[in-house]
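Below is one structure, written out as structure tokens; comments come after it.
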Amino acid sequence: MIANSDFTGLDLEFWSNIKLLNQRLGYVVRRKNTNQGAVFLIPAVEEVLAVFNDDDLDYSRIIHNGVWTDFGQLIVDYLSYRGQVLIRDVEPNLMNAEEARKVFVDLKGRLDPKCPIPDNKQSGDKKAPAYFTGIINMIIEAHAQGLPCDYDPRELTSITAQGFPVRTLSRRVDGAFPGPINPHAIWEIKEYYYTTTFGSRVADGVYETMLDGFELNLYGIYSPKLCFVKDKSVIIEHIYS
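Using the working numbering, read the sequence shown as starting at 373 and increasing by one per residue.
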């Protein structure tokens with residue numbers, strides 16, 4: 373998804389307050405009727421005051437004379453926007469195993485892919501192709517116009533300047549286009565079905581994308597024009613989560 377420019381380039385103080393409020397207040401409004409859809413919590417002034425007072429923290433940058441400061445309003449705007457996007461755009465696109473299988477089978481029949489399609493790590497009746505990974509690989513291949521793509525780079529991603537390595541990410545990614553050296557795009561895939569308790573895997577995804585984001589952001593800040601492929605400068609464009 374395309375980043376919202378209202379919330380890109382914000383400093384770590386902003387995200388520190390977002391995380392603290394989420395930790396103390398939670399993410400959603402708790403309801404007795406679990407059949408009702410989730411409503412994301414947008415904190416009121418009184419709730420934020422209670423959090424900061426309980427922890428003996430200074431709230432003056434967020435609330436002044438009982439109203440939001442510009443910084444506080446930005447926090448509220450972000451939390452509201454995040455909730456809207458998750459409910460309006462993200463949730464309708466989530467698929468269970470059967471839905472993913474149908475999309476996978478349809479694409480495979482229409483595209484006749486030559487790209488690798490790995491199996492999942494399940495066993496027994498749950499053993500099957502990794503549907504979401506297969507869907508992504510097939511779509512990339514169909515639109516790559518014959519260009520190479522590394523669908524499973526088993527090495528670290530590196531950026532070079534005039535042929536000399538200047539940045540190497542700390543972990544391996546799930547895919548790189550066209551490859552892990554001076555890629556135009558890299559991606560991480562998370563898919564799992566058959567369970568409703570996968571918080572640790574979600575946390576893994578958060579940590580991984582945060583690490584990649586920090587490293588790419590540092591690269592963009594300190595050496596925005598160091599990347600060359602065949603002596604042609606490559607523009608580094610960040611996609612924020």
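Here a beta-carbon is modelled for each residue, glycine too, at the ideal position from N, C-alpha and C.
Would you identify the three-state DSSP class for residue i, choosing helix, strand or coil?
{"i": "G455", "result": "helix"}
{"i": "T529", "result": "coil"}
{"i": "I507", "result": "helix"}
{"i": "V411", "result": "coil"}
{"i": "P464", "result": "helix"}
{"i": "V401", "result": "coil"}
{"i": "D491", "result": "strand"}
{"i": "A430", "result": "Per the sequence shown, residue 430 should be read as Asp rather than Ala. In this structure, D430 counts as coil in the three-state DSSP scheme."}
{"i": "D383", "result": "coil"}
{"i": "I447", "result": "helix"}
{"i": "I512", "result": "helix"}
{"i": "D484", "result": "coil"}
{"i": "H610", "result": "With a pLDDT of only 39 at H610, under 50, the local geometry of the prediction cannot be trusted, and no value is derived from it."}
{"i": "I390", "result": "helix"}
{"i": "D378", "result": "helix"}
{"i": "D524", "result": "coil"}
Below 8 Å on the Cβ atoms is my contact criterion, and I expect residue i with residue j to pass it. Report the Cβ-Cβ distance as a whole number of Å.
{"i": "L479", "j": "I507", "result": "6 Å"}
{"i": "A502", "j": "E563", "result": "6 Å"}
{"i": "T529", "j": "P555", "result": "6 Å"}
{"i": "F424", "j": "R433", "result": "Incorrect: roughly 10 Å between the Cβ atoms, too far for contact."}
{"i": "F504", "j": "A472", "result": "6 Å"}
{"i": "P550", "j": "L519", "result": "6 Å"}
{"i": "V475", "j": "M467", "result": "7 Å"}
Candidates the options: which alpha carbon is nearest residue i's?
{"i": "I531", "options": "D383, R543, E463 and P552", "result": "P552"}
{"i": "A469", "options": "G585, A500, I434 and L382", "result": "A500"}
{"i": "L397", "options": "L466, D426 and N376", "result": "D426"}
{"i": "P525", "options": "Q534, K498, A557 and V439", "result": "A557"}
{"i": "V400", "options": "S432, R454 and F443", "result": "R454"}
{"i": "I414", "options": "D430, Y431 and L393", "result": "L393"}
{"i": "V457", "options": "M467, G496, A410 and N492", "result": "A410"}
{"i": "F412", "options": "E385, H436 and S452", "result": "S452"}
{"i": "N509", "options": "D522, V462 and D497", "result": "D522"}
{"i": "E527", "options": "E587, A416, R544 and G577", "result": "R544"}
{"i": "W440", "options": "A416, Q534, D428 and E463", "result": "A416"}
Could you check whether the Cβ of residue i sits closer than 8 Å to any heavy atom belonging to the ligand MG?
{"i": "Y566", "result": "The ligand MG is not part of this structure, which contains no ligands at all."}
query: Curious, which full-length beta strand (DSSP E) runs of at least 3 residues does the segment 538 to 585 contain?
result: Runs of the beta strand (DSSP E) inside the segment 538 to 585: 547 to 549 and 557 to 559.
task: Tell me, please, whether the segment 559 to 575 touches the segment 520 to 540 by the rule of three or more beta-carbon pairs shorter than 8 Å.
output: Contact annotation: the segment 559 to 575 does not touch the segment 520 to 540, with fewer than three C-beta pairs closer than 8 Å.
message: Can you confirm whether the segment 445 to 460 touches the segment 410 to 423 when touching is taken to mean that 3 or more C-beta pairs between the two stretches lie within less than 8 Å?
response: Flag = yes, the segment 410 to 423 and the segment 445 to 460 touch.
- request: Mind the definition here: the segment 513 to 528 touches the segment 574 to 584 only if three or more C-beta pairs lie below 8 Å; say whether that holds.
  value: These segments do not touch.
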